[in-house]
Amino acid sequence: MAEQNDNQAVLTRGSVPATLARLTAPLVLGVLTVISISFADAYFIGKLGPEPLAAISFCFPIMLAVTSLAIGLGAGVSSVVARAIGENDRDSVRRLSTDGLVISVLIAIVIGVLGIIFARPLFTLLNADETTLPLAVSYMQIWFPGAILLVVPIVGNNIIRSGGDTLFPALIMGFVAVVNIALDPLLIFGAGPIPALGIQGAAWASVIARASSLVAALAILHYRERVIDWTMPPIGETLRNWSKIVQIGAPAAISNMINPLGLSVITGFLGLISQESVAAFGAATRVQALAAVPLLAMSGSISPYVGQNWGAGEKERVSKGIVTAASWILIYIAVMTVFLFALASPIAGLFTETDSIQTQAADYLRYVPWSLFGFGWLVVAVSACNARGKPLAGTAAAFVRMAVVAIPLAYFFATRDSVIGVYLSVAAGNVVGGLGGLYATRQAGLLRADGLPMVKAKAS
Numbered sequence: 141m142a143e144q145n146d147n148q149a150v151l152t153r154g155s156v157p158a159t160l161a162r163l164t165a166p167l168v169l170g171v172l173t174v175i176s177i178s179f180a181d182a183y184f185i186g187k188l189g190p191e192p193l194a195a196i197s198f199c200f201p202i203m204l205a206v207t208s209l210a211i212g213l214g215a216g217v218s219s220v221v222a223r224a225i226g227e228n229d230r231d232s233v234r235r236l237s238t239d240g241l242v243i244s245v246l247i248a249i250v251i252g253v254l255g256i257i258f259a260r261p262l263f264t265l266l267n268a269d270e271t272t273l274p275l276a277v278s279y280m281q282i283w284f285p286g287a288i289l290l291v292v293p294i295v296g297n298n299i300i301r302s303g304g305d306t307l308f309p310a311l312i313m314g315f316v317a318v319v320n321i322a323l324d325p326l327l328i329f330g331a332g333p334i335p336a337l338g339i340q341g342a343a344w345a346s347v348i349a350r351a352s353s354l355v356a357a358l359a360i361l362h363y364r365e366r367v368i369d370w371t372m373p374p375i376g377e378t379l380r381n382w383s384k385i386v387q388i389g390a391p392a393a394i395s396n397m398i399n400p401l402g403l404s405v406i407t408g409f410l411g412l413i414s415q416e417s418v419a420a421f422g423a424a425t426r427v428q429a430l431a432a433v434p435l436l437a438m439s440g441s442i443s444p445y446v447g448q449n450w451g452a453g454e455k456e457r458v459s460k461g462i463v464t465a466a467s468w469i470l471i472y473i474a475v476m477t478v479f480l481f482a483l484a485s486p487i488a489g490l491f492t493e494t495d496s497i498q499t500q501a502a503d504y505l506r507y508v509p510w511s512l513f514g515f516g517w518l519v520v521a522v523s524a525c526n527a528r529g530k531p532l533a534g535t536a537a538a539f540v541r542m543a544v545v546a547i548p549l550a551y552f553f554a555t556r557d558s559v560i561g562v563y564l565s566v567a568a569g570n571v572v573g574g575l576g577g578l579y580a581t582r583q584a585g586l587l588r589a590d591g592l593p594m595v596k597a598k599a600s
């Protein structure tokens, strides 16, 4: 989408695997560096003891929920912008990009205010005890006001990616991760004149690092892409553009938020068993998030690919891209499952010296990762449906995965003190989610190759 290519679609030609590889490779690096932030937070906070580790385990799904909301909003903006690029409508590209940034600012402000007000009752609802509750609240009272530094850059990076440039967003994310990880030990443990801030230091490290991403993303959008329109449009035009974005972004945000919110509920169920189980689940799901990086990168690359090709009428190319992505996911999950099964105990030992937490975290890494093929297919399917402008089927699949399968089963096993049963509930949800993703892509008319017949979708 850069000025030099005059906002022309660049993803509608060339080899399908090569195009997807070019899009996905930088995203793997970018997503890896971002996920590494939570991994590093868990590592350093774990050095403070099991109580702070349990506290950050309560915080992690909430932060992931806000991030998922921002990603969903970004998906809405990316979808309409990518299709405008495919249609070679430059004026719409500029206006939609600008209006997308404005609505992201407004939503981030609302998140920050509500988060500050409701942090304590939220963690009380999630069964945080008298030790972990004040620690979790102290972390989020710093994190929530910085929500604008998270939401706006995510939307901005999605706008950049909608034109086929995944490198610069990856570089931005990488820089944020480096700054965050460098600040973590300094602010958590202190150094020289810098006081030890404990768990609050991790929150401040995140806020400071993300401020740099806001500046970088806006600079690229303004100076290189030239898609920020500083003129004041008629309010009716802005509202129409917001409506287009929200029609995709709201279901996308819901589908993205279902996973972390579901993890929050499951974390609360584990709190009924013990705080050690909460800490183990938090550590293991951070490892899982790291292992899922290629899946998230693939879902990020499929969005601009589908958006541009669908806008240009290249429907056969769309279905070939989705089939290619599914085959890559299957191969990766097979390799990753063997790796995590073999090294489950040493990996769990990185987070804590408490034997019970190590054992439970290692069990998760043995019982759940094989099912991530279903999760990976689901996130790619949801992203493709969003880019197509048909988000509801993907949202329904994500809902069924958590609300119908994983959460009820997890509650059943948690009330019987079965940590392994809770883990298997997550795995069952992943499998059902994958089947739902297949149904969603067919309903959206996206599959039409290699024995996967295209089902006619309603006209756009």
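Residues 141 to 600 (my numbering) make up the sequence shown, in order. All C-beta atoms in this analysis are idealised placements derived from N, C-alpha and C, irrespective of residue type, glycine included.
So, does the segment 569-584 touch the segment 506-518, judging by three or more C-beta pairs under 8 angstroms?
yes
What is the DSSP secondary structure of Ala331, counted as helix, strand or coil?
Reduced to three states, the DSSP call for Ala331 is strand.
Neighbourhood of Ser526 by C-beta distance below 6 angstroms, restricted to the same chain and skipping five residues each side:
Looking at the sequence shown, residue 526 is not Ser but Asn. If we look at Asn526 and ignore the five residues flanking it on each side, its Cβ neighbours are Ala215, Ser219, Ile388, Ala392.
Span of the alpha helix (DSSP H) holding Leu512?
512-528
Let me make sure I understand the geometry here. Which of Ala432, Ala452, Leu564 has the alpha-carbon closest to that of Ile473?
Ala432
Since Leu290 and Ala210 are thought to touch, with beta carbons under 8 angstroms apart, how far apart are those beta carbons, to the nearest angstrom?
6 angstroms
Beta carbon proximity, Gln498 to chain C, threshold 8 angstroms:
The displayed structure is made up of one protein chain only, and chain C is not part of it.
Go through the segment 395-459 residue by residue and report every complete run of the beta strand (DSSP E) that reaches 3 residues or more, in order.
none
Backbone secondary structure at Asp557 - three-state DSSP:
coil
The alpha helix (DSSP H) that contains Glu191, what's its start and end?
Annotation: the continuous alpha helix (DSSP H) that includes Glu191 extends over 190-226.
Contact under 8 angstroms by Cβ, Ala465 with Ile497
no
So what's Ala336 in DSSP terms, helix, strand or just coil?
coil
State buried or exposed for Gly453, treating a residue as buried only when at least 16 other CB atoms are found within 10 Å of its CB.
Here Gly453 is exposed, its C-beta having fewer than 16 other C-beta atoms within 10 Å.
Which whole-angstrom value describes the C-beta separation of Ala182 and Arg582, a residue pair presumed to lie in contact below a C-beta threshold of 8 angstroms?
Contact doesn't hold; Cβ gap of about 38 angstroms is too wide.
Nearest-angstrom Cα distance between Asp590 and Val458?
Residue placement at Asp590 is flagged as unreliable, the pLDDT there being 46, under the threshold of 50; a coordinate-derived value is accordingly withheld.
For the alpha helix (DSSP H) containing Asp229, name the first residue and the last one.
First-last for Asp229: undefined, no H or E at that position.
Status (buried if at least 16 other CB within 10 Å, exposed otherwise) for Ala533:
Burial call: buried.
Under a three-way DSSP split, which group does Leu262 fall into?
helix
Looking at the structure shown, is Met594 part of a helix, part of a strand, or coil, going by DSSP?
Low per-residue confidence applies at Met594: pLDDT is 45, beneath 50, and the placement is therefore not dependable, though the value from the model is reported in the following sentence. Met594 sits in coil when the DSSP states are folded into three classes, being neither helix nor strand.
Can you say whether Met397 is buried or exposed, counting buried as having 16 or more other CB atoms within 10 angstroms of its CB?
buried
Residue burial classification, Ala158 (beta-carbon count within 10 angstroms, cutoff 16):
exposed
Determine the direct distance from the alpha carbon of Ser439 to that of Leu160, and round the result to whole angstroms.
11 angstroms
Alpha carbon to alpha carbon, how far is Pro400 from Ile202? Give it in angstroms, no decimals.
7 angstroms
So Phe284 is in the alpha helix (DSSP H); what residue range does that whole segment cover?
Here Phe284 belongs to no alpha helix (DSSP H), and DSSP marks it neither H nor E.
Give the single residue among Val520, Leu435, Ser404 whose Cα lies nearest to the Cα of Phe421.
Ser404
If we count the other Cβ atoms within 10 Å of its Cβ and call it buried at 16 or more, is Asn147 buried or exposed?
Residue placement at Asn147 is poorly supported in this model, since its pLDDT is 48, which falls under 50; the coordinates still yield a value, given next. It is buried - the Cβ of Asn147 has at least 16 other Cβ atoms within 10 Å.
Just to confirm, are Ala502 and Leu578 a CB contact at a threshold of 8 angstroms?
no
Residue range of the alpha helix (DSSP H) that includes Val291:
288-302
Beta-carbon proximity list for Val150, same chain, < 8 angstroms, skipping 5 on both sides
Gly303, Gly304, Gln448
Measuring only from the beta carbon, is Gly252 closer than 7 angstroms to any heavy atom that is part of the ligand COA?
The model depicted lacks the ligand COA and carries no ligand whatsoever.
Closest to Phe308 by C-alpha separation, out of Thr272, Leu354, Ile360, would be which residue?
Ile360
Beta-carbon proximity list for Met476, same chain, < 8 angstroms, skipping 5 on both sides
Ala431, Pro509, Leu512, listed in sequence order.
Could you check whether the segment 332-340 touches the segment 316-323, counting it as contact only if at least three pairs of C-beta atoms, one from each stretch, sit closer than 8 angstroms?
no
Is Ala537 closer than 8 angstroms to Leu518 when the C-beta atoms are compared?
yes
Quick check on DSSP: helix, strand or coil for Arg366?
coil
Neighbour-count burial assignment, Pro190, 16 or more Cβ in a 10 Å radius
buried
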